[in-house]
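Worksheet for the structure shown next.
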Amino acid sequence: MYWHLILTEKCNSECKYCYEKSLKEFDNGLQEKFEFDFNIPCESKINIKKLKNFLKQDKNPVLIFYGGEPLLNISKIIKIINSLGKGVKYCMQTNGKLLDKLPKKYMNQFSKILISIDGDKERTDFNRGKATYEKVIQNIKLIGKNGFKGELVARMTISQEFPDLYQQVKNILKLNLFDSIHWQIDAGFYKNDFNKKGFSRFVEKYNQSLTKLAGFWINNIKKGNVLKIYPFLGIYDRLTQGGTGLQCGAGDKGYAITTNGIITACPIMNNIKNFYAGDLNSNLNQLKKFKIIEPCESCKYLQVCGGRCLYSNYAKLWPKQGKDLICKTIRHLIHEIQKHLPEIKNCLNKKIIKKQDFEFEKYFGPEIIP
Ligand code: SF4
Ligand code: SF4
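In case it helps, our numbering puts the sequence shown at residues 20 to 389.
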């Protein structure tokens, strides 16, 4: 199973869509909907022995170090890896600014690292702060030089002002440093950032850009190259292999472990009691499971989409017209992949590509549905 381990709530970045918005939205009406836990410590206080015993119940544990910024708590990462050893698969979701600080002996034990980057230097630095891009690129090159062989996922955030998905994905591909790409649209996670006119315009332009990107993906497939673009792979998988449930796996295939050892549906529900599923003393088979609710439950796209996000599905922070616009992007994504299925089939039949080229590990971090 997949375990996001929150090592600290601190972060060394002040990104526009996270830090800035959370400052503005301290009171976003969630207090009336959910019960919050105000006793969660800022730094992880979990007992590593307890974590080890808990994970013994899991045949294939995958531990995803998470924050805040997990590399602000390197000493805990080292202690955990020393204690848990090779029976656990390690991943990390990081802003990449401190990758050079983790000794290579530990870095090289990671199987996957998701690094926040939003496209080119200008876009990344605008969203994440001056000089972020250079530092992250420098660090990625360094860990490569030091022998890191795992998967590097570019974890993009597409903010509402910039719908140029195609161009920014291509900017990342050009770097030739990442193995795969995922993006998430910054929509539906805060209450007061919905602007009908602005977001409608965004959706129109974003969908056009996505069409272009899907075309680019297909042209590469025709040349025998299946680019690991997670939203495309995830939708393709659901359309051709079936499957149900949230594509991020939150509250079912994976959970988050808070700084005091509580098990909650996903890292964003860190201190929301309504999503608590157990703790490090719990029996793995008895953890509470969470299911998507309306309006997704009765949506005809549910099987393929999975419901996008458990948190926003319950929190319902945006009004219906905002939610409908988000779903318009999801339906468009599904239709684009559906439209190209005959061409993919043709390439498979001609053995230009193999079925295995579309396989990917699920639930370790990329949420699939942007
Ligand atoms: S398309 Fe929208 S309403 Fe339908 S399942 Fe996905 S998120 Fe839910
Ligand atoms: S999509 Fe939502 S529920 Fe899933 S991991 Fe991300 S924030 Fe959590």
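Positions of the beta carbon are idealized from the N, C-alpha and C atoms, including for glycine.
Keep in mind the model is a prediction, meaning the values are calculated, not measured.
Under the three-state DSSP convention, the category residue i falls into
i	result
D376	helix
M20	coil
K108	strand
Q266	coil
G280	coil
S32	coil
I312	coil
Y320	coil
Y209	coil
Y382	coil
Residue interval of the alpha helix (DSSP H) (run including residue i)
i	result
D256	Y249 to Q260
V188	L184 to L194
I287	First-last for I287: undefined, no H or E at that position.
S331	L329 to A334
I240	K215 to K241
I353	K339 to N368
D144	K140 to R147
K154	T151 to K164
L103	I93 to L103
K124	K123 to M126
Separation of residue j from residue i, as counted between CA atoms
i	j	result
K52	A334	7 Å
D205	S178	5 Å
D139	K69	42 Å
N214	L118	37 Å
F235	L321	26 Å
C61	L336	25 Å
I162	K123	7 Å
F73	L26	17 Å
T278	E180	34 Å
N368	F145	45 Å
G341	G86	28 Å
N66	E362	52 Å
I59	S102	24 Å
F218	K71	45 Å
L303	G253	27 Å
N289	Y274	10 Å
W22	K131	14 Å
C315	D343	11 Å
K231	C328	25 Å
S32	S135	11 Å
P250	A233	10 Å
I311	A284	12 Å
L121	I93	7 Å
K189	D183	10 Å
V172	P389	15 Å
I281	K64	11 Å
G262	F377	15 Å
Q157	M20	32 Å
Distance between beta carbons of residue j and residue i, contact taken as under 8 Å
i	j	result
G326	L265	5 Å
Y255	I356	5 Å
F379	K168	So it is not a contact: roughly 17 Å between Cβ atoms.
I100	Y125	6 Å
V323	R257	5 Å
G112	R142	Reading the sequence as shown, one finds Gln at residue 112 and not Gly. Their Cβ separation, rounded to whole angstroms, is 20 Å, which puts Q112 and R142 out of contact at 8 Å.
G270	K308	6 Å
Y209	K40	5 Å
Y109	F129	5 Å
F84	I97	Their Cβ separation, rounded to whole angstroms, is 11 Å, which puts F84 and I97 out of contact at 8 Å.
E386	C267	4 Å
Residue range of the unbroken beta strand (DSSP E) whose run includes residue i
i	result
T176	E170 to I177
L133	F129 to S135
L82	V81 to Y85
S199	S199 to I204
G297	Y295 to D298
So within the segment 42-73, which uninterrupted alpha helix (DSSP H) runs reach at least 4 residues, ignoring any that extend past its ends? 49-52
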